[in-house]
Amino acid sequence: GYANQFGLKLEILWFGSDVCTKQEGAPSWVDANYQGVLNSSGQTLFSNDGKKKLDKTDPNLLAKEKATVTALMNHIRARIISQNYADVVVGFQVLNEPTVINTETGVAGTDRSHSAYANSKWSAGGYTDAVIFNSDVMYDYLNGLAQAVKTSDYSVWTRTNTAQEWGLFVNVIVKKASASNNYLDFVGQDPYVTTNSQAYAVVTN
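Mapping the sequence shown onto this note's numbering, position 6 (from 1) lands on 1146, and the numbers just tick up by one.
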């Protein structure tokens, strides 16, 4: 309502099963009901927030999260129509600084998830490189959320950004560019710079 009143445009920031490497914002039942990332010994990885790192190869988690995003966007569209608002939402950030495995200092401990879901995907895809595997897992997850936005009643620009695992995200960008069913519009980097010259260097590189 305020955005419509003052002529502002908004981007939705999705706090889903993972943001800034953690489950920040996810309800406790998500932690309890979905697969966590396992190391090769079958141990669950935990983030600094004390919650397990959720496995992005869990099809139940992916389906639930996509359904929730679709419902959210449909609700926003219905609200805008009922109030005769302008199209105030112009973008949807499908996740902020996500990771596939836990890369926080002191809690990293695996090359990839070794859950039954992840092992099945690894075998079915004939993978031999964990980085490529993790890149594909990340892209499929983000693109699935973007698809939920694009196929909802309110299709807007979609994006994600990263501050960790940049090498992984380079592979995500390559896959995005060649995928025939890509729904993810933009991928960027959080540079965490403090001067104009540093920011300029990020843009030009």
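Cβ coordinates follow ideal geometry from the N, Cα and C atoms, glycine included.
Give me the Cβ distance between T1302 and Q1329, rounded to the nearest whole Å; I'm assuming they're in contact under 8 Å.
-> Position 162 of the sequence shown, counted from the first residue, corresponds to residue 1302. Position 189 of the sequence shown, counted from the first residue, corresponds to residue 1329. Taking C-beta atoms under 8 Å as the contact rule, T1302 and Q1329 qualify, at a distance of about 6 Å.
Sort out for me which residues DSSP pairs T1184 with in a bridge.
-> If you number the sequence shown from 1, residue 1184 lands on position 44. DSSP output for T1184 lists L1178 as bridge partner(s).
Provide the residue span of the alpha helix (DSSP H) that contains V1343, from first to last.
-> In the sequence shown, counting from the first residue as 1, residue 1343 sits at position 203. Taken as a continuous stretch (DSSP letters only), the alpha helix (DSSP H) holding V1343 covers N1336 to T1344.
Please state whether DSSP places E1305 in a helix, a strand or coil.
-> Position 165 of the sequence shown, counting from 1, holds the residue named residue 1305. In the structure shown, E1305 sits in coil (DSSP, three-state: anything other than H, G, I, E or B).
Under 8 Å by Cβ, that's how I've got L1212 and Q1163 pegged, so tell me the actual separation to the nearest angstrom.
-> In the sequence shown, residue 1212 corresponds to position 72, counting from 1. In the sequence shown, residue 1163 corresponds to position 23, counting from 1. Incorrect: roughly 18 Å between the Cβ atoms, too far for contact.
Please check the pair S1292 and T1210, which I expect to be a contact at CB under 8 Å, by giving their CB distance rounded to whole angstroms.
-> For the purposes of this step, residue 1292 is taken as the residue at position 152 of the sequence shown. For the purposes of this step, residue 1210 is taken as the residue at position 70 of the sequence shown. Between S1292 and T1210, the beta carbon gap of about 5 Å places them in contact (Cβ cut-off 8 Å).
Continuous beta strand (DSSP E) stretch holding G1165: start and end | Translated into the one-based positions of the sequence shown, residue 1165 becomes position 25. Unbroken run through G1165: none, as it is neither H nor E.
Span of the beta strand (DSSP E) holding V1296?
-> As a first step, residue 1296 must be located in the sequence shown, where it is residue number 156. Looking at the DSSP string, V1296 is not in any beta strand (DSSP E), and its letter there is neither H nor E.
V1159 vs F1232 beta-carbon contact at 8 Å | Residue numbering aside, residue 1159 sits at position 19 when the sequence shown is read from its first letter. Residue numbering aside, residue 1232 sits at position 92 when the sequence shown is read from its first letter. No, Cβ-Cβ distance for V1159 and F1232 is not below 8 Å.
Beta strand (DSSP E) runs contained entirely in the stretch 1226-1267, provided each spans 3 or more residues = Those beta strand (DSSP E) runs which fall completely within the stretch 1226-1267 and span 3+ residues are 1229-1236.
Measuring CB to CB, does V1277 end up less than 8 Å from K1196?
-> Within the sequence shown, numbered from 1, the residue matching residue 1277 stands at position 137. Within the sequence shown, numbered from 1, the residue matching residue 1196 stands at position 56. For V1277 and K1196, yes; Cβs fall inside 8 Å.
In or out: V1230 buried (at least 16 other Cβ within 10 Å) or exposed?
-> Along the sequence shown, one-based indexing puts residue 1230 at 90. The residue in question, V1230, is exposed, as its Cβ has fewer than 16 Cβ neighbours within 10 Å.
Starting from F1155, follow the alpha helix (DSSP H) in both directions and report where the run begins and ends.
-> By one-based count along the sequence shown, residue 1155 stands at place 15. Here F1155 belongs to no alpha helix (DSSP H), and DSSP marks it neither H nor E.
Option nearest A1256 by Cα separation, candidates Q1175, S1168, D1280 and V1342 = Position 116 of the sequence shown, counting from 1, holds the residue named residue 1256. Of the listed residues, the one whose Cα sits closest to A1256 is Q1175.
Assess, as a yes-or-no matter, whether the stretch 1219-1226 is touched by the stretch 1257-1268 under the definition of 3 or more beta carbon pairs within less than 8 Å.
-> Result no; under three Cβ-Cβ pairs closer than 8 Å.
Mind checking L1235: buried by the 16 CB within 10 Å criterion, or exposed?
-> As a position in the sequence shown, residue 1235 is number 95, starting the count at 1. Per the 10 Å Cβ criterion, buried.
Straight-line gap, P1167 to N1200 (C-alpha atoms, nearest Å) = Start at 1 with the first residue of the sequence shown, and residue 1167 comes out as number 27. Start at 1 with the first residue of the sequence shown, and residue 1200 comes out as number 60. C-alpha separation (whole angstroms): 16 Å.
Determine the direct distance from the alpha carbon of R1252 to that of L1178, and round the result to whole angstroms.
-> Residue 1178 sits at position 38 when you count from the first residue of the sequence shown. Residue 1252 sits at position 112 when you count from the first residue of the sequence shown. Each residue's Cα considered, the two are about 8 Å apart.
What residues match up with L1194 in a beta bridge as DSSP calls it?
-> Within the sequence shown, numbered from 1, the residue matching residue 1194 stands at position 54. DSSP, once it has assigned bridges, lists G1176 as partnering L1194.
Near D1189, which residues of its chain fall below 6 Å by C-beta distance, leaving aside the five closest residues on each side in sequence?
-> Mapped onto the sequence shown, residue 1189 falls at position 49. K1162.
Got a sec? Which residues, its chain only, sit under 6 Å from K1290 by beta carbon, not counting five neighbours each side?
-> Here residue 1290 is taken as the residue at index 150 of the sequence shown, counted from 1. Contacts found: Y1323.
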